[in-house]
């Protein structure tokens, strides 16, 4: 069956048309790249929407190794795929696309260095993959949380909950009221929104009680969709915030607080910012891992692995950049 005649092809075309309306200068280039990807999926067969980072890596390897595409060409295809999944989620959130999408953009976890010869600048190579590892100390997180754009109660709670719960963007945007246990100060991350497909429980601190109660019991009730939406964070236009909206809130707060920096501009002209939603997740993990000045020991790696929702403890070690000196200090502090 041809790409455009199949149901998947119809949905792919809907995404391409949306990109064409919002990015007319890139429509032809991105549209062509996405059609190449859709054909590759049809030949497997794969659902073009329901793929993993490994599937994306396989596709880019196919372009590099089988098709002989140069680095810059593969880079364009990667950018097109990222925009494809970003646009697909927006259409799905707006009720205009019926598709099964991964909990996070699968392109975000794929590095071109793993699939093709790099022609990146030394600056970009040195910083690639470390954008989100710039942990913020607690006082800087407070500055960021106090600098959120309006509506301030909702957005300050969002920032602090992301930090204390070490949450991903998608997890924050899809939190439901029923996921929050205010008495236990716990949050259930449902399996359908967790990156690894497994539910887990995370926790927040007593200092969020007032903000949580103010949002749920007072401010949230003033929103037009409050009575119909099961979600914790909503707007007057949507029953829940998109993960892109969550990211925008954090980036704007960082700008307002004077904390934001541009790490570098990549080969595609995109600025890589120092502070993102993932920075809050990483910062929360570092704080829980670290021993404090009062002699209290931080969480062990196994506990953090469960709280972060990592499948492998090796991921947690890499995430925290744990070295032998760190482990030695932990051993001494816990004796």
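Numbering (our numbering), first residue to last: 4 to 338.
Here a beta-carbon is modelled for each residue, glycine too, at the ideal position from N, C-alpha and C.
Within the same chain, show all residues whose beta-carbon is closer than 7 angstroms to that of residue i, passing over the 5 residues directly before and after it, in chain order.
{"i": "residue 260", "result": "146, 147, 150"}
{"i": "residue 135", "result": "Unreliable positioning characterises residue 135 in this predicted model, as indicated by a pLDDT of 46, which lies under 50. The coordinate reading is nonetheless provided below. So the list reads 279, 281, 282, 285, once near-sequence residues are dropped."}
{"i": "residue 307", "result": "288, 291, 292, 319"}
{"i": "residue 79", "result": "32, 36"}
{"i": "residue 339", "result": "Since the first residue shown for the chain is 4 and the last is 338, residue 339 is missing from the structure and cannot be characterised."}
{"i": "residue 102", "result": "14, 52, 91, 95"}
{"i": "residue 124", "result": "Here residue 124 scores only 46 on pLDDT, less than 50, and its place in the model is too uncertain to base an answer on."}
{"i": "residue 140", "result": "none"}
As a quick exercise: from the options, pick the residue whose alpha carbon is nearest that of residue i.
{"i": "residue 99", "options": "166, 18, 223", "result": "18"}
{"i": "residue 208", "options": "237, 169, 265", "result": "169"}
{"i": "residue 339", "options": "67, 302, 80, 235", "result": "Residue 339 falls outside the range modelled here, since the chain spans only 4 to 338, and no answer is possible."}
{"i": "residue 301", "options": "31, 323, 312, 313", "result": "323"}
{"i": "residue 375", "options": "79, 275, 59, 66", "result": "Coverage of the chain is limited to positions 4 through 338, which leaves residue 375 absent and any answer about it impossible."}
{"i": "residue 41", "options": "163, 67, 84", "result": "84"}
{"i": "residue 174", "options": "305, 70, 203, 155", "result": "203"}
{"i": "residue 254", "options": "117, 144, 192", "result": "144"}
{"i": "residue 201", "options": "231, 314, 31, 73", "result": "314"}
{"i": "residue 93", "options": "176, 217, 194, 216", "result": "176"}
{"i": "residue 155", "options": "38, 217, 112, 111", "result": "217"}
{"i": "residue 44", "options": "194, 30, 61, 29", "result": "61"}
{"i": "residue 2", "options": "163, 54, 142", "result": "The displayed coordinates of the chain run from 4 to 338. Any statement about residue 2 would go beyond what the structure contains."}
Can you list, in chain order, the residues of its chain with a C-beta nearer than 8 angstroms to that of residue i? Leave out the 5 residues immediately preceding and following it.
{"i": "residue 126", "result": "With a pLDDT of 47 at residue 126, under the threshold of 50, the modelled position of that residue is not reliable, and the figure given next carries that caveat. Same-chain partners within the cutoff: 267."}
{"i": "residue 89", "result": "108, 247"}
{"i": "residue 237", "result": "223, 226, 228, 229, 243, 244"}
{"i": "residue 250", "result": "172, 279, 280"}
{"i": "residue 263", "result": "254, 257, 276, 277, 278"}
{"i": "residue 117", "result": "60"}
{"i": "residue 265", "result": "274, 275, 276, 277"}
For residue i, count the other beta carbons within 10 Å of its own beta carbon; 16 or more makes it buried, fewer makes it exposed. Which is it?
{"i": "residue 51", "result": "buried"}
{"i": "residue 105", "result": "buried"}
{"i": "residue 13", "result": "exposed"}
{"i": "residue 317", "result": "exposed"}
{"i": "residue 3", "result": "Look at the range of the chain in this structure, 4 to 338, and you will see that residue 3 is not part of it."}
{"i": "residue 75", "result": "exposed"}
{"i": "residue 158", "result": "buried"}
{"i": "residue 73", "result": "exposed"}
{"i": "residue 172", "result": "buried"}
{"i": "residue 310", "result": "buried"}
{"i": "residue 180", "result": "exposed"}
{"i": "residue 221", "result": "exposed"}
Mind reading off the beta-carbon distance from residue i to residue j? Whole number of angstroms is fine, and I expect it under 8 angstroms.
{"i": "residue 97", "j": "residue 285", "result": "Between residue 285 and residue 97 the Cβ distance is about 30 angstroms, and since that is not below 8 angstroms, they are no contact."}
{"i": "residue 109", "j": "residue 48", "result": "Their Cβ separation, rounded to whole angstroms, is 17 angstroms, which puts residue 109 and residue 48 out of contact at 8 angstroms."}
{"i": "residue 312", "j": "residue 197", "result": "5 angstroms"}
{"i": "residue 252", "j": "residue 161", "result": "6 angstroms"}
{"i": "residue 256", "j": "residue 152", "result": "7 angstroms"}
Could you pull out every residue in the same chain whose Cβ sits closer than 6 angstroms to the Cβ of residue i, ignoring the five residues on either side in sequence?
{"i": "residue 229", "result": "223"}
{"i": "residue 77", "result": "63, 66, 67, 119"}
{"i": "residue 133", "result": "At residue 133, the pLDDT of 49 sits below 50, so the modelled position is not reliable; the number obtained from the coordinates is stated separately. Excluding positions up to five away in sequence, the list is empty."}
For this session: Determine contact between the segment 205-223 and the segment 185-194, defined as no fewer than three beta-carbon pairs at a distance below 8 angstroms.
Result: They touch, by the three-pair rule.
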